[in-house]
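Novice: This is the structure, below, for whatever I ask next.
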Amino acid sequence: MGLHDHHPEACASFTFHYVFASADLAGQVRRVRVDASEQGSSHKALLVELDWGA
Numbered sequence: 021m022g023l024h025d026h027h028p029e030a031c032a033s034f035t036f037h038y039v040f041a042s043a044d045l046a047g048q049v050r051r052v053r054v055d056a057s058e059q060g061s062s063h064k065a066l067l068v069e070l071d072w073g074a
């Protein structure tokens, strides 16, 4: 089922969001969040905060 499908046998809607980072960057990831403010699509912006001082 898609995010906006309304079918009686469907379970709660969910989506998957991924970030791929090199080994060099993985240790600098400080925060990851999904911008759920956009309601027009099942695709949401994934915001990644990096600590460049690390």
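In my numbering, each residue's number is its place in the sequence shown (first place is 1) plus 20.
Every residue, glycine too, gets a C-beta built ideally from N, C-alpha and C.
(1) Using only CA atoms, which one of Asp71, Asp55, Gly73 and Gln48 lies nearest to histidine 37?
(2) According to DSSP, is aspartate 55 part of a helix, a strand, or is it coil?
(3) Whole-angstrom Cβ separation of valine 52 and leucine 66, contact assumed at under 8 Å?
(4) Only counting the same chain, and skipping five residues up and downstream in sequence, which positions put a Cβ closer than 8 Å to that of leucine 70?
(5) Per the DSSP calculation, leucine 67 is bridged to which residue(s)?
Specialist: So, from the data block:
(1) The sequence position of residue 37 within the sequence shown is 17, counting from 1. Checking every option, the nearest Cα to that of histidine 37 belongs to Asp55.
(2) Taking the first residue of the sequence shown as 1, we reach residue 55 at position 35. Strand.
(3) Against the sequence shown, residue 52 aligns to sequence position 32. Against the sequence shown, residue 66 aligns to sequence position 46. Contact flag correct, Cβ pair sits at about 7 Å.
(4) Counted from its first residue, the sequence shown places residue 70 at position 50. Within the same chain, Cβ atoms closer than 8 Å to the Cβ of leucine 70 are found at Leu45, Gln48, Val49 and Arg50, the five residues on either side in sequence being excluded.
(5) Counting from 1 along the sequence shown, the entry for residue 67 is found at position 47. According to DSSP, which records beta bridges pairwise, leucine 67 is partnered with Arg53.
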